[in-house]
Each structure stands twice: as C-alpha cells, then as structure tokens.
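S.K.: Okay, here's the structure, questions in a sec.
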C-alpha cells in the first residue's frame, strides 16, 4: 500500500487554535484558525474545527490523509486526554482523541502543544540534527519540550516537560494552576503584562517620579492597561519601563534555565511563541543571566536561539508529524 | 568466545572510595576501600587503588575480568575525564579512564558516581523494571541520575543530572562549585551540619533560650561542632534541634523535587547515601513538602523510596555494570 500523502496538524493554544494540512516535505498547503476561548464546550469547539477542516479534507481527498495530530495544553500522549489545562476554559478531563476521531473518522494522535512544537523543530526547524535540546514556548502560558538523546521526555504518566510550572518565587504570583510563583506567571505574554502593570502602577502612584516622555506610561495613563505587543513596541522605542520589564523577565527565565541545563545538559534552548518575537529584548537578558548562573562546566556551551519556523507552521508541522 | 565472568566496580566519593569484584548475578565477591582525601595527586590515588586491587585480580584471574567501571564526581562518560569536581582535592581535568587503563591493562568505563548508582538500582535494586525515575544521592555532596524511558540522561556533553547544583537560594550558602545557594549546600551530609551549626550558634548565643536537656546542644557546647551522624542520633532521641534540621532540609529538598517532577515526571524518586540512612526523618518531610508543591496532575503519583541496595554495593554494582 502506498503511504498517504497528507496529514493534518492542529495546534490548540490558550488564545488561538491553528490547523493545517501538511505534506511529507513539511509544506503547509492549507491553513485555518479560530479563537479557542470563544467555545463554551469541547463539543462546540470540535464542531467549529470540523466546519473549518471539512472543505480542506474534501479538497485533498480523505483517502490521501494519514491522520490528525493535535498539540494542546496538558494533552496526554498516552491517554489521549486533556487534563486540567490551566489556560483553557474547559477544566474537566476531556477525551480529546476519542472525540476528534468520532468527528472526523480519521486516526488521531495528541500531545502537549509544546511537545508538538519540539517535534516540528526537530523535523523541520532549528533543532534539525540535534539530540539534546529544550524548546520553550512563550505564549499565553509557558510550555516546554525536553528532548534527550533524540527522544521527547514524556515521563511515567505523559505529563513531563512542565517548565512553566516550576516555582520561581515561593508565595509569588497566583497561577492558573492554583499554586503561586510558577514561571509562567512571570515569563509568558500575560506575565510580562503583569510585570509592566506592577511597575506602571508604582509609577502612576508617584512612588517614583515618572518621566512624561515614557511611552508605555502614557499608554497606561490613557487606558489603564498595556498589552504584551505594546510592551514590545515600547522597547523598540527605547522606553525605560519596557526595557526594565524585559530585563526582569530575562533574569527570571535565565536563572531557571541555568538550573535546567544542570539537569538535561542541552546543546541548545530554542524559544518559540508570541513573546519570543521580542527577539534580542528577551534573548539578551536570558543569555546573560543564564550564563551568570551556570555551573562552570556548562558555561559558554548552550546556544539560546529562536525557532527556525514560522509561528503557526511549527506547531502545525509538529502536530502533523505525530500522525505520520 | 565465552563472556568473562567478573567485572570490577570502583566508586570514588568525596570522602571514601570503595571498590569490588562483581559477578554477573550481582554478587560482590571481594571488596576494598580507601580514604579519597588522603591522596595528593590522581597518580598517588591510582597507585593506592592498584595496590588494593592487584591481589584481587590475581586471585580471580585477570583473563576472567571483563573490565573496570568507575563512578566518580563529575566523571564524563563520553570523554573519560573528571572535570572540575567540587568535592575532590584534584581540581584540574583528570584523564581518569586513560590513567586507570594504563595502570591495570584492562578496559575502563567511567561515569558520574550518581549515574553509576542509578545503573546499579536499575539492574539490581529498587528501580528494577522502572523506566522513569530519579536517583538522588545524599552524601558529602548531592548527586543525581535521571532515568527517562529506561535510559540515563547524559545530555549533550555528558554532564547532565547535576541536581546538587540547582540553585535553591539566590545568594545563599557558598558552594564548592564557586557559586552560592546550590541544593547540596543544604541537603547533603555537610549541608545538614551547616544547618545544625547555624541553629546551635543562635541558641548558644542566647538569642533563644536553650533547653539544657537538648542533647545536640550539649554536644555542641562540649566540643564546638556536631557531625551528621550525631544529628541523626539526636533525632532518634527526639532532640528538637535535630528534628528542626531534618524538617528544614526536607522542605528544601521536597520543593526542588516538586519542580523536577514537573520536568521528567518520574514513577519514583530513590534516595541513596549517608544522609538517606536517616530514613523517615528525612523522607517524611521531603514527601510532605514535595506533595504540597506539586502541580495537581502529579499529586499522589510519585513514590519517594530508599535504595534497595547496601550503600557500598549499589555504587560498586552500578560501576561494575558499566563494563559488561
């Protein structure tokens, strides 16, 4: 029997869900998306996905599609379930694999969204040829995939690689997981907004003299909030508050990564996701603080790099690669 | 050709070096030891090992011995070297494999002492049949071996698994590695002595009212220092300072292990080494604080257990297993 030509990859994020049809060379031939948070129940969400994908499947021919791979928060490769995902509205255990198989009549494989991204990077991206690396996804939350000796770490129960829930500050910021001080409350897109908000509130209350030329403070004064992309934009303009936000964020992330290097000794740490788009603003302080905190034997050995794939593509390609 | 019947395992620790001849069933048929710190140079140390082992090798017949496996601090499986070991007097890079091969004329394999112990546990001990576990050795320092999917994590450069040098307190206690706040400055045999000393100094300076019935304080008052075995002995007698030391130590270790579980999701964490002999005094607080700090998805899943092997045997067996 001839191997099937296409595979479908679906990346479910806390904010957006992107999906695409992929060929074996890694070209994304069709792409769709929707807003994850708009759907009250997993059933309504899967129905919406089906409406997006049915025309694509019909166009390329269901008989040529090997299956569907899904990357999703807290998705378990072993059980096919999503379990207590902090960044999704559906808090119960969701038998995602079974539901999607029933809806499409195609074989379904699921894993953690960050692990799917790691597979995408390993197959088509910056980690091609690497056997030991860490992928860190900086999006709504912080995800990670640890690859050791060419294999993803799934762990005993399939839930390994939760870097975002390593505790970096005892009694620190409250996290969607119900605990306090998790990495993702500081170094995600939402985390940097919390950091900026803390600094701007302090400035606005006059505990420090604000310089009126500060653009981020002006945004804050105008509408009472700032977004992660406004923080990035402000940093590009040299805004001191925005630069302080990135320095603070990079310090926390660099310190944690120094500890992680001591555990798995990766060749590289690859950043991916919305916050990674800030490029040198985040990478430079991460690199500096990681090096300062590394055990001597690891210094100047670990590359900190950006994903080699387009944001949407990496997760889709990784998810799709699951189903080959 | 018939497989050779025996293998030699050498475990080099910061304090003691133990070595033995092992058969394929895992029986330690001959055993020797020496004090690691007594030898000024690696050459003198290897000469002393040779004097201990030559009669053993002659007795069992060199032609029946497959090789020598060595577990040592900071030993690198890939390069055969010991590199900047914090707990050895020899700070330079030592080409241990080459030196021992030259001395004995037998093939030599080396790895980190904790990794050798992990191999021993996996082959003969408490981790038999486990594919995902962490071994934590609580001795002069803190070592670790992370096993994932049945394989030890060596990492890109062979130095993975340095749990003892995860930083648990920024700017905390100074460590032999040149940094501050490493786990092993708190949760090793030497770490608990530092903790006890801090508490006893505070008591002795009268910042708190000492109860004269406290045995550990009496020891301190008599000789100005306490040992880790005296702390254990005091805990057995219900001494409040000793119990406080174990509670403090278990809290730090439990918190770090909760983070490690989030990364590799092990089935079990196995404790080994001098401090592990304190049994429930250390395991109970570790278990309690780990559970309190675990991400919900990992709670009540990870066993905290003691090594299933005699202290000397585990490291010897693990080291010896390297050379089969």
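Chains as they are written, first to last, in the working numbering: chain A, 407 to 730; chain B, 407 to 730.
Ideal Cβ positions, reconstructed from N, Cα and C, are used throughout, including at glycine.
Note that the structure is a prediction, hence the values are computed from the model and not measured.
What are the start and end residues of each continuous alpha helix (DSSP H) run of 4 or more residues lying completely inside the region 505–577 of chain A, in chain order?
M.R.: Listed in chain order, the complete alpha helix (DSSP H) runs (minimum 4 residues) inside the region 505–577 of chain A are 519–530.
S.K.: Say whether the region 569–578 of chain A touches the region 701–720 of chain A, bearing in mind that this needs 3 or more beta-carbon pairs closer than 8 angstroms, one atom from each stretch.
M.R.: No: the two stretches stay apart, fewer than three of their Cβ pairs being nearer than 8 angstroms.
S.K.: If you measure between the beta carbons of residue 548 of chain B and residue 604 of chain B, is that distance less than 8 angstroms?
M.R.: No.
S.K.: Could you tell me which residues DSSP puts in a beta bridge with residue 475 of chain B?
M.R.: Note: residue 475 of chain B sits in a beta bridge opposite B/415, B/515.
S.K.: DSSP state of residue 465 of chain A, grouped into three classes?
M.R.: Correct three-state label for residue 465 of chain A: helix.
S.K.: Which residues in chain A sit within 7 angstroms of residue 415 of chain B, going by Cβ to Cβ distance?
M.R.: Per Cβ cutoff of 7 angstroms: no residues; residue 415 of chain B is ~24 angstroms from chain A at best.
S.K.: Relative to the C-alpha of residue 642 of chain A, which residue among A/470, A/585, A/622, A/497 is closest?
M.R.: For residue 642 of chain A, the nearest C-alpha among the options comes from A/622.
S.K.: Is there at least one Cβ from chain B nearer than 8 angstroms to residue 573 of chain A's Cβ?
M.R.: Yes - at least one Cβ of chain B is within 8 angstroms of the one on residue 573 of chain A.
S.K.: Cβ of residue 555 of chain A less than 8 angstroms from any chain D Cβ?
M.R.: Protein chains A and B are contained in the structure displayed, whereas chain D is not.
S.K.: Using beta-carbon positions only, say whether residue 531 of chain B and residue 715 of chain B come within less than 8 angstroms of one another.
M.R.: In contact: residue 531 of chain B and residue 715 of chain B (Cβ atoms closer than 8 angstroms).
S.K.: Please name the residue in B/427, B/515, B/464, B/507 whose C-alpha comes closest to that of residue 728 of chain B.
M.R.: When each option's Cα is compared against that of residue 728 of chain B, the closest is B/515.
S.K.: Just to check my reading of the structure: residue 608 of chain B and residue 592 of chain B have Cβ atoms closer than 8 angstroms, yes? What is that Cβ distance to the nearest angstrom?
M.R.: That pair is no contact at about 17 angstroms.
S.K.: Short of 7 angstroms in beta carbon distance, which residues of its chain neighbour residue 659 of chain A, apart from the five on each side in sequence? Order them along the chain.
M.R.: The residues are 593, 692.
S.K.: Please confirm if residue 462 of chain A has its CB atom under 8 angstroms from at least one CB of chain B.
M.R.: It does not; no Cβ of chain B falls within 8 angstroms.
S.K.: Going along chain B, which residues have a C-beta under 7 angstroms from residue 671 of chain A?
M.R.: The contacting residues are 561, 562, 563, 565, 566.
S.K.: What are the boundary residues of the alpha helix (DSSP H) that residue 439 of chain B is part of?
M.R.: Premise fails: residue 439 of chain B lies in the beta strand (DSSP E), 434–441, not in any alpha helix (DSSP H).
S.K.: Taking the straight line between their C-alpha atoms, what separation do you get for residue 681 of chain A and residue 456 of chain B?
M.R.: Rounded to the nearest angstrom, the two C-alpha atoms are 57 angstroms apart.
S.K.: So residue 584 of chain A contacts chain B; which residues on that side make the cut at Cβ distance below 8 angstroms?
M.R.: 702, listed in chain order.
S.K.: Determine the DSSP secondary structure at residue 597 of chain A, reduced to helix, strand or coil.
M.R.: In this structure, residue 597 of chain A counts as helix in the three-state DSSP scheme.
S.K.: Tell me which residues of the region 493–520 of chain B have at least one Cβ-Cβ distance to chain A shorter than 9 angstroms, keeping chain order.
M.R.: If the cut-off is 9 angstroms between Cβ atoms, the region 493–520 of chain B has nothing near chain A.
S.K.: What number of angstroms, rounded off, separates the C-alpha of residue 634 of chain A from the C-alpha of residue 525 of chain A?
M.R.: Spanning the two alpha carbons is a distance of roughly 27 angstroms.
S.K.: In chain order, what residues of the same chain lie with their CB nearer than 7 angstroms to the CB of residue 429 of chain A, ignoring the 5 residues before and after it?
M.R.: Hits under 7 angstroms: 411, 412, 435.
S.K.: Mind checking the region 704–721 of chain A against chain B and listing, in chain order, the residues whose C-beta falls within less than 9 angstroms of any C-beta there?
M.R.: Residues passing the 9 angstroms Cβ filter: 704, 707, 708.
S.K.: Here's the rule I'm using: 16 or more other beta-carbon atoms within 10 Å means buried, otherwise exposed. How should residue 442 of chain B be labelled?
M.R.: Residue 442 of chain B comes out buried.
S.K.: To the nearest angstrom, report how far apart residue 431 of chain B and residue 513 of chain B are at their CA atoms.
M.R.: Each residue's Cα considered, the two are about 21 angstroms apart.
S.K.: Exposed or buried, what is residue 504 of chain A when buried is set at 16 or more other beta-carbons lying within 10 Å of its beta-carbon?
M.R.: It is exposed - the Cβ of residue 504 of chain A has fewer than 16 other Cβ atoms within 10 Å.
S.K.: Judging by CA-CA distance, which residue of A/458, A/566, A/520, A/652 is the nearest neighbour of residue 417 of chain A?
M.R.: When only C-alpha atoms are compared, the closest one is A/520.
S.K.: Is there a Cβ of chain B sitting closer than 8 angstroms to that of residue 490 of chain A, yes or no?
M.R.: It does: the Cβ of residue 490 of chain A has a partner Cβ on chain B nearer than 8 angstroms.
S.K.: Suppose contacts are defined by Cβ-Cβ distances below 8 angstroms. Is residue 545 of chain A in contact with residue 679 of chain A by that definition?
M.R.: Yes.
S.K.: For residue 466 of chain B and chain A, any beta-carbon pair shorter than 8 angstroms?
M.R.: Not closer than 8 angstroms to any Cβ of chain A, the Cβ of residue 466 of chain B fails to qualify, so no.
S.K.: On the CB-based measure, 16 or more other CB atoms within 10 Å of its CB, does residue 611 of chain B come out buried or exposed?
M.R.: By the neighbour-count rule (16 or more Cβ atoms within 10 Å), residue 611 of chain B is not buried but exposed.
S.K.: Is the CB-CB distance between residue 561 of chain A and residue 670 of chain B below 8 angstroms?
M.R.: Cβ atoms of residue 561 of chain A and residue 670 of chain B: closer than 8 angstroms.
S.K.: Quick check: the Cα distance between residue 649 of chain B and residue 598 of chain B, rounded to an integer number of angstroms?
M.R.: So the two alpha carbons sit approximately 11 angstroms from each other.
S.K.: Let me know if residue 713 of chain B comes out buried or exposed under the rule of 16 or more other beta-carbons within 10 Å of its beta-carbon.
M.R.: Residue 713 of chain B is buried by the Cβ-count criterion.
S.K.: Consult DSSP for residue 490 of chain B and reduce its assignment to one of helix, strand or coil.
M.R.: Reduced to three states, the DSSP call for residue 490 of chain B is coil.
S.K.: Using the three-state DSSP reduction, which class does residue 643 of chain B fall into: helix, strand or coil?
M.R.: Residue 643 of chain B falls in the coil class under three-state DSSP.
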